[in-house]
Amino acid sequence: MLWVYVICAGVLLAAWYLARPMPWFWRLGFLAAMALLLAGMTLPPEVIREWAGLVSSWWPWSQEPDLVTQQTSAWAHLILFALVSAWLCWWRADLGVWVLLGLLVALSFGTEGLQLLVDGRYASLTDVGINLLGAGIGFVLLWFTPRRSSPFVG
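What follows is the structure, encoded as structure tokens:
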């Protein structure tokens, strides 16, 4: 489990470095989104169930017996990857389209691969696909932003 923490710390340091051009509050928000993404991908299942129990006490659908299902996990993957992707692409369009795509693909596969190092977790190609779909949604949405006609340089 130590390797997981070391790798996650490295990813968060890289995220902090990539977020250099962002104003401080956007930079902290990006880092928080990355930390949430990494935590959700690498925490043991019993910790996630414990958190789900805490969240379900104030969640609108708390009477549901199993708040964290495979479907909610897939939605969490999709939304977090779309958010991180859009955030990164918006603020770091200067990196160019291929570098951004490479970073997002590496993040999608890397976070899923990290689960192999966590007891009780497993990697899934379906989850990689959901990660990539979320990253792609965030990436493509940038084409429709009013800020730039073409959000990518290069």
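Quick note on numbering: the sequence shown equals residues 65 to 218 in our numbering.
All residues carry an ideal CB built from backbone N, CA and C; glycine is no exception.
Where L107 sits in the DSSP three-state scheme: Correct three-state label for L107: coil.
Short Cβ contact (7 Å threshold) for T175 with M65: Between T175 and M65, the gap from beta carbon to beta carbon reaches 7 Å or more.
Using the rule of at least 16 other Cβ atoms within 10 Å of the residue's Cβ for burial, across every protein chain shown, is F94 buried or exposed? Counting Cβ neighbours within 10 Å, F94 comes out buried, since at least 16 surround it.
Those runs of the alpha helix (DSSP H) which lie wholly inside the region 169-197 and span at least 4 residues: Here no run is fully enclosed.
Per-residue burial, G218 [other beta carbons within 10 Å of its own, 16 or more giving buried]: At G218, the pLDDT of 47 sits below 50, so the modelled position is not reliable and the matter cannot be decided from this model.
Give me the Cα-Cα distance between L144 and A97, rounded to the nearest whole angstrom. L144 and A97 have their alpha carbons spaced roughly 7 Å apart.
At the level of alpha carbons, what is the spacing between S149 and C72? Rounded to the nearest angstrom, the two C-alpha atoms are 18 Å apart.
Given that a residue counts as buried once 16 or more other Cβ atoms are within 10 Å of its Cβ, and exposed if not, what is D191? Taking every protein chain shown into account, the CB of D191 has 16 or more other CB atoms within 10 angstroms, so this residue is buried.
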